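Reading through the structure tokens given below for one structure.
2 protein chains.
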Amino acid sequence: MTQSTSGGPTRLAAIGLGRWARIMASAYYRSEDVDLVSCFTRNPERRARFAADYGCGEDDSLEALLSRDDIEGVIVTVPNDQHASVIEAAARAGKHVYVEKPVAVDAADIKRIRAAVTEANIVFACGHSARRLAGVREMRRCLDTGEIGTPSMVEAVFSNERGLELNEGDWRGDPERAPGGPLTQLGIHHIDNLNYLFGVPRRVVAMGRQGAPRVSNTMVVGALMEFDDVIGFLGNDWLTPGAFTMDLYATVARLRYELDFSWWSDSADTDAHARLIKVQFDSHGDDPDARVLSERPVQLDARNHLREEIDEFARAIRGRGEVEVDLETAVANVAVMMATLRALKEQRAVDVEETMSELS
Amino acid sequence: MTQSTSGGPTRLAAIGLGRWARIMASAYYRSEDVDLVSCFTRNPERRARFAADYGCGEDDSLEALLSRDDIEGVIVTVPNDQHASVIEAAARAGKHVYVEKPVAVDAADIKRIRAAVTEANIVFACGHSARRLAGVREMRRCLDTGEIGTPSMVEAVFSNERGLELNEGDWRGDPERAPGGPLTQLGIHHIDNLNYLFGVPRRVVAMGRQGAPRVSNTMVVGALMEFDDVIGFLGNDWLTPGAFTMDLYATVARLRYELDFSWWSDSADTDAHARLIKVQFDSHGDDPDARVLSERPVQLDARNHLREEIDEFARAIRGRGEVEVDLETAVANVAVMMATLRALKEQRAVDVEETMSELS
């Protein structure tokens, strides 16, 4: 593990410089906690553009980047199936690792990642930023204080139009590389949100369908999840204008969270384009037909979900605090995702314990 | 079958005079198509109050009411497990029948009802009024015209707080008399809405939980349904402030329908307290991060869901038009409900064909 006694910002590098790497960098590159030192992707033009846009250096190979002594941690946004090899290399070089969700999509990769992270004793964080959205934090607060009463049901939907634009050869359209389509790519966020709010579900059932014009991958996945306290629905749809919603039903009130998906990637402004609505009784007499429901917005203070997780990662590297979404939380999310994929493929109820045990 | 050549309003009587009978009567008793002639329930005080409030006569037995020549049809709102015997008696007396949903909750009752209705050749209507809500009609129009594109996913949630108030001995708290709790009592409305929009699903899986303070019945039911075109989620929850929502996801737009449940039983005002929101792209360029979603309310013209179905029933008795929700539609809804109950009980995917065949 690279040791540092520096009091300045943590020196990080970006590996994988696609669209999401740029969105992430836009969120963190001016952070006081972060000094973006270098970047790497195979494509030289893309690399040069990233370096110029975010004011960092660049390395012309992964090996070169990882061998530098002045880099403490790496931000990994390569495709899912390359996570394990990049993380292994980074961990061997003693670099702390932040990796985009999902941490991996198969058991072998999870085991390689766990072995590498444990061996190197590095700080490891997985990018489940959605739980940092102001509305999701507020839902958790309402559950913790008990002010909405006892919860019984939750719905979480994450949808967008990407499936309509996939072309043959795109890895997201390939059932092997992005199994479950929007489940792996979008639903994993809500799997973490549900984990954050209600823990790991016991059991999952699922239904899915295809329907994209040019690729064979699953485009819609619906899942039911049995938590200790609530029945959950997870909806994932790649064939429709963006939706990111959560509905939480409890005895005193129900909460509806909606995010304007156009602002999803502008993480400094995401919360300003989201709303949390609380529905409860204004009057609650014996006559059910005379009861009056009220619907009121809950005040949400703006946060910055993408920057927060990188700042936290940077500070944890320096021993200031811990990361919230560590490897075991990320693996639990993958176990739920794999249970859902298995429920979908085998059309049966799957105990999450079953997939969880395969990942340990 | 009672024949009538009268040109005046159709002469109807109400059987079962509980809360819902009064809500129904409030909707239809001043209708030009209806002349409410009589009413019956065993409790004399309740009967007298109903007769006084809705300006009708009363009969002191079901037999007396059904033997009257001046009554053409009956509006039946007795508990579910009494539907079959009341409908048999009415059909034998040649009275046309409107019955509250669900038409019945077991196969034996369905068969008795079908035999009685077929034998007597009466007009038979089942009270699935929710499909007449302006917002549900508009969703159907949007699907028919294709203006929202191809649908892929739908969510339908119907919840209220009744489970929190059930006491031991209440038939709604009894798993035998109201199996599935809110599924039988609330979800059946959305099962019909989904049937109206997407047809009968092929297959169902479900999860449920208890949780009411004083009764043992299921209080939350979540179900996934596989339709020809879409994956559906049906949510039913008896432990939370009222919710009646539908979310329809399609390629060009998604629609969210919300009803203020406080106005559910004031059917002349229900549509004025509902909204349908359409989310679609205002700009849709190649860069997914630059796309802008817009959210706009869709204009809904007020209808009157409860009165419409009684008016339609009254006119059909006189040969003017047909009822929209006939026995076979109501039975298909029960088949879906029974498949969901079985999926819940046996924790497996159930083909609707399986329950449908048991009802024929």
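For the record, the sequence lines run as chains F and U.
Residue 1431 is where the first sequence starts when you use the numbering used here, and the numbers rise one by one after that.
Residue 1431 is where the second sequence starts when you use the numbering used here, and the numbers rise one by one after that.
Glycine included, C-beta positions come from ideal geometry on N, C-alpha and C.
Computed from a predicted model, the values in this text were never measured in an experiment.
Report yes if the C-beta distance between residue i and residue j is below 8 angstroms; otherwise report no.
i                       : j                       : result
residue 1445 of chain F : residue 1501 of chain F : no
residue 1552 of chain F : residue 1513 of chain F : no
residue 1701 of chain F : residue 1736 of chain F : no
residue 1557 of chain F : residue 1530 of chain F : yes
residue 1626 of chain U : residue 1570 of chain U : yes
residue 1817 of chain F : residue 1645 of chain F : No information on residue 1817 of chain F is available, as it lies outside the stretch 1431 to 1790 that chain F covers here.
residue 1647 of chain U : residue 1613 of chain U : no
residue 1439 of chain U : residue 1462 of chain U : yes
residue 1466 of chain U : residue 1484 of chain U : yes
residue 1618 of chain U : residue 1509 of chain U : no
residue 1741 of chain F : residue 1516 of chain F : no
residue 1709 of chain F : residue 1725 of chain F : yes
residue 1457 of chain F : residue 1698 of chain F : yes
residue 1739 of chain U : residue 1555 of chain U : yes
residue 1470 of chain U : residue 1492 of chain U : yes
residue 1489 of chain U : residue 1468 of chain U : yes
residue 1540 of chain U : residue 1789 of chain U : yes
residue 1792 of chain U : residue 1550 of chain U : Since the displayed chain U opens at 1431 and closes at 1790, residue 1792 of chain U lies outside it and no answer follows.
Let me make sure I understand the geometry here. Which of the options has the alpha-carbon closest to that of residue i?
i                       : options                        : result
residue 1766 of chain F : F:1495, F:1491, F:1730, F:1624 : F:1624
residue 1732 of chain F : F:1682, F:1725, F:1644, F:1705 : F:1705
residue 1780 of chain F : F:1463, F:1637, F:1726         : F:1637
residue 1473 of chain U : U:1486, U:1664, U:1448, U:1467 : U:1448
residue 1591 of chain U : F:1634, F:1469, F:1480, F:1723 : F:1723
residue 1783 of chain U : U:1777, U:1761, U:1774         : U:1761
residue 1690 of chain F : U:1666, U:1721, U:1693, U:1771 : U:1721
residue 1660 of chain F : F:1535, F:1452, F:1580, F:1667 : F:1580
residue 1635 of chain U : U:1754, U:1773, U:1575         : U:1773
residue 1503 of chain U : U:1758, U:1743, U:1776         : U:1743
residue 1480 of chain F : F:1465, F:1451, F:1764, F:1598 : F:1451
residue 1734 of chain U : U:1498, U:1567, U:1713         : U:1567
residue 1662 of chain U : U:1770, U:1521, U:1642, U:1453 : U:1770
residue 1594 of chain U : F:1471, F:1714, F:1453         : F:1714
residue 1521 of chain U : U:1548, U:1511, U:1539         : U:1548
residue 1459 of chain U : U:1578, U:1486, U:1493         : U:1486
residue 1620 of chain U : U:1788, U:1764, U:1469         : U:1764
residue 1785 of chain U : U:1578, U:1694, U:1632, U:1756 : U:1632
residue 1716 of chain U : F:1596, F:1524, F:1559         : F:1596
residue 1719 of chain F : U:1540, U:1453, U:1642, U:1499 : U:1453
residue 1615 of chain F : F:1754, F:1511, F:1775         : F:1511
residue 1787 of chain U : U:1778, U:1490, U:1482, U:1538 : U:1538
residue 1758 of chain F : F:1471, F:1628, F:1622         : F:1622
residue 1670 of chain U : F:1582, F:1776, F:1441, F:1789 : F:1582
residue 1692 of chain F : U:1574, U:1752, U:1712, U:1598 : U:1712
residue 1658 of chain U : U:1535, U:1768, U:1628         : U:1628
residue 1754 of chain U : U:1559, U:1776, U:1775, U:1678 : U:1559
residue 1507 of chain U : U:1534, U:1668, U:1598         : U:1534
residue 1528 of chain F : F:1756, F:1776, F:1768, F:1777 : F:1756
Touch check for the region 1554-1574 of chain U and the region 1608-1617 of chain U: three-plus C-beta pairs under 8 angstroms? Counting Cβ pairs under 8 angstroms, fewer than three are found: no touch.
Please specify which runs of the beta strand (DSSP E), each continuous and at least 3 residues long, are wholly inside the region 1439-1517 of chain U, giving them in chain order. You should have 1440-1445, 1464-1470, 1503-1506.
Stretch pair the region 1682-1692 of chain F + the region 1648-1659 of chain U: three plus CB contacts closer than 8 angstroms: With the cut-off at 8 angstroms, the region 1682-1692 of chain F and the region 1648-1659 of chain U do not touch.
Count the C-beta pairs between the region 1578-1595 of chain U and the region 1667-1680 of chain U that are closer than 8 angstroms, then say yes if the count reaches three, no if not. By the Cβ rule, the region 1578-1595 of chain U counts as touching the region 1667-1680 of chain U, because three or more pairs are nearer than 8 angstroms.
Within 8 angstroms, do at least three Cβ pairs link the region 1532-1546 of chain F to the region 1739-1752 of chain F? The answer is no - the region 1532-1546 of chain F does not touch the region 1739-1752 of chain F, with fewer than three Cβ pairs under 8 angstroms.
Which of the residues in the region 1620-1641 of chain U, read from start to end, lie with their CB under 8 angstroms from any CB of chain F? Those would be 1633, 1635, 1636, 1637, 1638, 1639, 1641, in chain order.
Given a limit of 8 angstroms on CB to CB distance, which residues of the region 1661-1673 of chain U reach chain F? Here the close residues are 1661, 1662, 1663, 1665, 1667, 1669, 1670, 1671, 1672, 1673.
Threshold first: 3 residues or longer. Then list the beta strand (DSSP E) segments lying entirely within the region 1718-1762 of chain F, N to C. Correct list: 1722-1728.
So if I threshold CB-CB distances at 7 angstroms, which residues from the region 1690-1706 of chain U count as touching chain F? Result list: 1690, 1691, 1692, 1695.
With 9 angstroms as the C-beta to C-beta threshold (strictly closer), list the residues of the region 1570-1591 of chain U near chain F in chain order. Under the 9 angstroms Cβ criterion, the region 1570-1591 of chain U contributes 1579, 1580, 1581, 1582, 1583, 1585, 1587, 1589, 1590, 1591.
Which runs of the alpha helix (DSSP H) at least 4 residues long sit entirely within the region 1589-1614 of chain F? Give them in chain order. With a minimum length of 4 residues, no continuous alpha helix (DSSP H) run stays inside the region 1589-1614 of chain F.
Contact residues within the region 1769-1781 of chain F, judged by C-beta distance below 7 angstroms to chain U: Residues 1777, 1779.
May I have a chain-ordered list of the beta strand (DSSP E) segments no shorter than 3 residues that lie completely inside the region 1642-1709 of chain U? If we require 3 residues or more, the beta strand (DSSP E) runs fully inside the region 1642-1709 of chain U come out as 1650-1656, 1661-1667, 1673-1680, 1683-1689.
What are the complete alpha helix (DSSP H) segments, minimum 4 residues, inside the region 1527-1584 of chain F? Contiguous alpha helix (DSSP H) elements confined to the region 1527-1584 of chain F occur at 1537-1550, 1564-1575, taking only those with 4 or more residues.
In chain order, what residues of the region 1469-1498 of chain U put their CB closer than 8 angstroms to some CB of chain F? The region 1469-1498 of chain U vs chain F, Cβ under 8 angstroms: nothing.
According to a CB-to-CB cut-off of less than 8 angstroms, which residues of the region 1442-1462 of chain F neighbour chain U? So the close ones are 1449, 1453.
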